[in-house]
Amino acid sequence: VSVCPGPNMAYFSKLMKLKEITDHIYGRANLISRIDRPNMFVKELNLYLDYLKTKIDETSSSLNKKQEKYLLNFSKNLDEGINYYQEIFENTKDKFEDTKENILAELNFSKEYLRNLQSKIDILTGKMVIAQ
């Protein structure tokens, strides 16, 4: 048996027994005392946005067609993903009511950040000219 810890481990605050972890996974117990943790979908989205920013920064000196296609497709997929999650959370009744507004605000912030990254891609591809 191997265990691979993920980024959500940061939200646990104590050592636990396997039974406690299992109870947490199956919803029989809540072992996370922090209330400020982001929604897991938003957290994953932010990891992808950071990755996209890194890729843009790496290619900022020169951009070939393959890199251009990759960056455009990647950002388009992220945009579609944000729209999908916004729709899910806006249309979900009786679930996430206590965190829905916060999740939607985080998604809107992520969408604005993505727009900023897409503008950088447009500048790199020559689709947008920087005003001087």
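Residue numbers (our numbering): 344 to 475.
All C-beta atoms in this analysis are idealised placements derived from N, C-alpha and C, irrespective of residue type, glycine included.
No experiment lies behind these values; they were computed from the predicted model shown.
Excluding residues up to 5 positions away in sequence, Y354 lie with their Cβ nearer than 7 Å to the Cβ of R380 in the same chain. According to the DSSP assignment, T442 belongs to no alpha helix (DSSP H), since it is labelled neither H nor E.
Shown here for L447: same chain residues with a beta carbon closer than 8 Å to its own, the five before and five after excluded, namely Q429, F432 and E433 in chain order.
Minimum Cα-Cα distance from I378 among the listed residues T442, G469 and N426 corresponds to T442. The criterion of a C-beta distance shorter than 7 Å is not satisfied by S405 and S376.
In its chain, beyond the 5 residues on either side, L374 have a beta carbon closer than 7 Å to the beta carbon of M359.
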